[in-house]
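**Q** Before anything else, here's the structure in question.
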Amino acid sequence: MGKDLKGPPSLAGLMYNPQMADSPTSRVSIPRHALLVRATHWISAAAFAALLVTGIEILISHPRFYWGEAGNVRMTPLFQFPVPSSRSSVPTGYRYVLPDQNGWSRYLHFQSAWLVVLTGLLYVAWGMAAGHFRGNLVPKRGSVSWDAIAAHLRFRRPGPEEAWVYNPVQRIAYLLVIFVLFPLVVWTGLAMSPGFVSALPAAVTLLGGQQSARTLHLFVSAVLVLFALVHVAMVILAGFRCRVGAMITGRAASSMEDA
Amino acid sequence: MSKLSRRQMIGAGLGISGLAAAAKLATRYGLVPPDSGGLYGPGETLTYATQRLLTRHSLAREFDRSQVSKHPFANPVDPLGDAFQRSQTGGFTEWRVTVDGMVANPASFSVADLRLMPARSQITSVQCEEGWNYIAEWIGVPLAHVLDAVGALPQARYVVYRSFQPDWWESMDMADALHPQTIVAYGMNGGELPVGFGGPLRLRVPRQLGYKSVKYIVRLTVTDNLKKFGKGLGSSSPEGGYAWYAGI
């Protein structure tokens, strides 16, 4: 029994640690992403894709948006998407009605929401315990400059050193997604649930009402989609194969800068 | 690929038996919805179980009279047919709602009978799964009172409710059936309940989406088992691809 006393492996051991670089005998690569980061990344990506597709399906059953507590086809919308609808009761200007896909879309939307919320909670709990946010995502003091932000916004090709560490703009974007946009999209989503708000009415009144919550849910989702598009664009710019490879295998080849 | 360590094996074993125990407890305490089978069962069960644990007694939001929608909207329904027309022409005096199943004294009530019972008036939102809603004042008799009047048996677990329209039926658990805001509504915004909005009788379940508030109620059946009804999924909604529990 005595030799089993070394205790559970430390969570910090899962973190990116340059000292864990491979021995010279193996292919030259160093650990880039912890297993938990990779697993939660891909689960969240899949759930996000499902939420987006089903969200659009649900939206087209009523592509009108309102502000306040109430809104329906007899009331003036804040704005309306110029798309056909899956309901004949919605005046769209189109002479046809799309097939109703709301049943499975709603089932899948909520199941994916559960998946991404539970995955997100696991990721945040681990990130706090393992020092992932402090070590890898909070920008280093003095590293955030207008030049860096401007360079990022011009889609400048990331330098080789950025294969190992996140650049300051990347760090801010990821932290915003994790700690601002993600909680907001969950909140605005839950604020539309009649069961949830019966227990916590402030969840919807603070947002300005039932229809405001729905409109804000759309806006926050749109910002998340924008993030996802820029994120994928930057990955392609930096070298799609090696960056995606690093997020799958956890290893970044040292020749990454040539990829 | 590394071999599974003993610790991992024990962990996995504990995880699986933990899940099995949780499933057993959830079934026992009525936390599993009737449409829990299939691809989307896990999500539906999580939603229903969580809401039942956290919101069993919570009240749906009620609004100020100034917030009542000036332009309420009701989704059109399929043609109601000649029998309904005749009933409407007669002022719905012949309309009956039958209460049967696990009750001591099965009975049927006219709209006038229901009006003699204690009334509840509430200003709540009707929220459609499509995304729109309206706020209206609803007047009716709490379903709990009707169930009390017929002597619903203690082993009752669900109330199945049916529309005059064939194949339109729903069910709810006792948490919703006995909830003070669940009413058999006969009035709206100070007048009689218009036919477009479900008159003469509509079941209002304000903690769930509009499709649970079935229009043209003709029958309530108290039961302890939803498997005996339709395809056993709890209501016509899951048979058409929609979730049985619509608290979300």
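Going down the list, the protein sequences come from chains L and B.
Per my numbering, the very first residue in the first sequence carries number 8; after that it's consecutive.
Per my numbering, the very first residue in the second sequence carries number 486; after that it's consecutive.
Where is the CB? At the ideal position from N, CA and C, for every residue including glycine.
It should be emphasised that the depicted structure is a prediction, and the values quoted were computed from it without experimental measurement.
Applying the 10 Å Cβ sphere with the 16-neighbour rule, what's the burial state of G196 (chain L)?
**A** Numbered from 1 along the first sequence, position 189 holds the residue referred to as residue 196 (chain L). Flag for G196 (chain L) reads buried.
**Q** Contact between the region 123-133 of chain L and the region 90-106 of chain L is defined here as three or more beta-carbon pairs at a separation below 8 Å; is this criterion met?
**A** In short, these stretches do not touch, since the Cβ pair count stays below three.
**Q** Taking CB distances under 9 Å as the criterion, tell me whether T540 (chain B) reaches chain L.
**A** Walking along the second sequence from the start, residue 540 (chain B) turns up at place 55. Chain L, which has a Cβ nearer than 9 Å to the Cβ of T540 (chain B), makes this yes.
**Q** If we define contact as Cβ-Cβ less than 9 Å, is H69 (chain L) a contact residue for chain B?
**A** Counting from 1 along the first sequence, the entry for residue 69 (chain L) is found at position 62. True, the Cβ-Cβ gap to chain B drops below 9 Å.
**Q** Is there at least one Cβ from chain C nearer than 9 Å to E579 (chain B)'s Cβ?
**A** Given the protein chain composition of this structure (L and B), no chain C is represented.
**Q** Using a threshold of 9 Å, state whether the C-beta atoms of L628 (chain B) and A662 (chain B) are closer than that.
**A** For the purposes of this step, residue 628 (chain B) is taken as the residue at position 143 of the second sequence. For the purposes of this step, residue 662 (chain B) is taken as the residue at position 177 of the second sequence. Yes; because the gap between Cβ atoms is below 9 Å, this pair is in contact.
**Q** F714 (chain B) to S93 (chain L), Cα distance in whole Å?
**A** Stepping through the second sequence from its first residue, residue 714 (chain B) is reached at position 229. Stepping through the first sequence from its first residue, residue 93 (chain L) is reached at position 86. Those two C-alpha atoms are separated by around 30 Å.
**Q** Considering only their Cβ atoms, is the gap separating S606 (chain B) from N618 (chain B) smaller than 9 Å?
**A** As a working note, residue 618 (chain B) is residue 133 in the second sequence. As a working note, residue 606 (chain B) is residue 121 in the second sequence. No. Outside cutoff.
**Q** For a cutoff of 9 Å on Cβ pairs, would you count I733 (chain B) as touching chain L?
**A** Residue 733 (chain B) sits at position 248 when you count from the first residue of the second sequence. Interface residue, yes.
**Q** If you scan the region 604-658 of chain B from start to end, which runs of the alpha helix (DSSP H) of 4 or more residues do you find wholly inside it?
**A** Listed in chain order, the complete alpha helix (DSSP H) runs (minimum 4 residues) inside the region 604-658 of chain B are 628-635.
**Q** Per DSSP, what kind of secondary structure is D563 (chain B) in: helix, strand or coil?
**A** Numbered from its first residue, the second sequence carries residue 563 (chain B) at position 78. Reduced to three states, the DSSP call for D563 (chain B) is coil.
**Q** Give a yes or no on whether the minimum CB-CB distance between Q493 (chain B) and chain L is below 9 Å.
**A** As a working mapping, residue 493 (chain B) is identified with position 8 in the second sequence. Chain L contact via Cβ: absent.
**Q** Rounded to a whole number of angstroms, what is the C-alpha to C-alpha distance between C249 (chain L) and P519 (chain B)?
**A** As a first step, residue 249 (chain L) must be located in the first sequence, where it is residue number 242. As a first step, residue 519 (chain B) must be located in the second sequence, where it is residue number 34. If I take the Cα positions, the gap works out to 47 Å.
**Q** At the 9 Å Cβ level, is Y173 (chain L) part of the contact set with chain B, yes or no?
**A** As a working note, residue 173 (chain L) is residue 166 in the first sequence. No, Y173 (chain L) does not count as interfacial toward chain B.
**Q** Step through the CB atoms of chain L and report whether any lies within less than 9 Å of the CB of A497 (chain B).
**A** To locate residue 497 (chain B), count along the second sequence from 1; it is residue 12. So, not an interface residue.
**Q** Counting only Cβ pairs nearer than 7 Å, list the residues of chain L close to T532 (chain B).
**A** In the second sequence, the residue the question calls residue 532 (chain B) occupies position 47. Ordered by position in chain L, the residues that pass the 7 Å Cβ test against T532 (chain B) are F117.
**Q** Whose CA, out of L:T256, L:I185 and L:T222, lies closest to the CA of V145 (chain L)?
**A** Locating residue 145 (chain L) in the first sequence gives position 138, counting from the first residue. Nearest option by C-alpha distance: L:I185.
**Q** Judging by CA-CA distance, which residue of L:V232, L:A209, L:H69 and L:A137 is the nearest neighbour of A41 (chain L)?
**A** The residue you call residue 41 (chain L) lines up with position 34 of the first sequence. Closest option to A41 (chain L), Cα to Cα, is L:A137.
**Q** Please name the residue in B:A597, B:V669 and B:K697 whose C-alpha comes closest to that of G202 (chain L).
**A** What you label residue 202 (chain L) is simply residue 195 of the first sequence in a count that begins at 1. The shortest Cα separation from G202 (chain L) among B:A597, B:V669 and B:K697 belongs to B:K697.
**Q** Determine, for F203 (chain L), whether the minimum Cβ-Cβ distance to residues of chain B falls below 9 Å.
**A** Looking up residue 203 (chain L) in the first sequence gives position 196. At least one chain B Cβ lies under 9 Å of F203 (chain L).
**Q** Taking any Cβ of chain L, which residues in the region 554-578 of chain B have a Cβ under 8 Å from it, in chain order?
**A** Hits within the stretch, in order: S554, H556, P557, F558, N560 and P561.
**Q** Is there a Cβ from chain B that is less than 9 Å from the Cβ of W121 (chain L)?
**A** If you number the first sequence from 1, residue 121 (chain L) lands on position 114. Cβ-Cβ to chain B under 9 Å: yes for W121 (chain L).
**Q** Would you call M494 (chain B) buried or exposed, if buried means 16 or more other Cβ atoms sit within 10 Å of its Cβ?
**A** On the second sequence, residue 494 (chain B) is found 9 positions in, with the first residue counted as 1. Exposed, because fewer than 16 other Cβ atoms sit within 10 Å of the Cβ of M494 (chain B).
**Q** Could you spell out where the alpha helix (DSSP H) holding V690 (chain B) opens and where it closes?
**A** Within the second sequence, the letter at position 205 stands for residue 690 (chain B). V690 (chain B) -> no alpha helix (DSSP H), and no H or E assigned at all.
**Q** Between S551 (chain B) and A621 (chain B), which are expected to be in contact by the criterion C-beta below 8 Å, what is the C-beta distance as a whole number of angstroms?
**A** What you label residue 551 (chain B) is simply residue 66 of the second sequence in a count that begins at 1. What you label residue 621 (chain B) is simply residue 136 of the second sequence in a count that begins at 1. About 13 Å separates the two Cβ atoms, so there is no contact after all.
**Q** Listing by chain order, which chain B residues have their CB less than 8 Å from the CB of Q217 (chain L)?
**A** Taking the first sequence and counting its residues from 1, the one referred to as residue 217 (chain L) is at position 210. Near Q217 (chain L) (Cβ distances below 8 Å), the residues of chain B are S610, Q612 and N618.
**Q** Where does Q87 (chain L) sit, in a helix, a strand or coil, going by DSSP?
**A** In the first sequence, counting from the first residue as 1, residue 87 (chain L) sits at position 80. Correct three-state label for Q87 (chain L): strand.
**Q** For T578 (chain B) and H664 (chain B), I'd like the C-alpha separation in whole angstroms.
**A** Looking up residue 578 (chain B) in the second sequence gives position 93. Looking up residue 664 (chain B) in the second sequence gives position 179. Rounded to whole angstroms, T578 (chain B) to H664 (chain B) spans 28 Å at the Cα level.
**Q** With DSSP collapsed to three states, give me the class of A592 (chain B).
**A** Looking up residue 592 (chain B) in the second sequence gives position 107. Strand, per DSSP.
**Q** How big is the Cα-Cα spacing for W653 (chain B) and A180 (chain L)?
**A** For the purposes of this step, residue 653 (chain B) is taken as residue 168 along the second sequence, with counting starting at 1. For the purposes of this step, residue 180 (chain L) is taken as residue 173 along the first sequence, with counting starting at 1. Between W653 (chain B) and A180 (chain L), the C-alpha separation is close to 49 Å.
**Q** Going along the chain, which residues of its own chain have a beta-carbon closer than 6 Å to the beta-carbon of A220 (chain L), five neighbours each way excluded?
**A** For the purposes of this step, residue 220 (chain L) is taken as residue 213 along the first sequence, with counting starting at 1. The answer, listed in chain order, is T195, A198, M199, V211 and L214.
**Q** Classify G672 (chain B) as helix, strand or coil using the three-state DSSP reduction.
**A** As a first step, residue 672 (chain B) must be located in the second sequence, where it is residue number 187. If DSSP states are grouped into helix, strand and coil, G672 (chain B) belongs with the strands.
**Q** What residue range does the alpha helix (DSSP H) around G134 (chain L) cover?
**A** Here residue 134 (chain L) corresponds to residue number 127 of the first sequence, with the count starting at 1. Here the alpha helix (DSSP H) through G134 (chain L) covers N109 to A137.
**Q** In angstroms, rounded to a whole number, what distance separates the CA positions of D107 (chain L) and S152 (chain L)?
**A** Position 100 of the first sequence, counting from 1, holds the residue named residue 107 (chain L). Position 145 of the first sequence, counting from 1, holds the residue named residue 152 (chain L). Roughly 49 Å between the two C-alpha positions.
**Q** Between the Cα of Q666 (chain B) and those of B:N710, B:I624, B:G522 and B:A507, spot the shortest distance and give me the residue it belongs to.
**A** Numbered from 1 along the second sequence, position 181 holds the residue referred to as residue 666 (chain B). Per the Cα distances, B:I624.
**Q** Give the straight-line distance between the Cα atoms of F558 (chain B) and R81 (chain L), rounded to the nearest whole angstrom.
**A** Counting from 1 along the second sequence, the entry for residue 558 (chain B) is found at position 73. Counting from 1 along the first sequence, the entry for residue 81 (chain L) is found at position 74. Spanning the two alpha carbons is a distance of roughly 7 Å.
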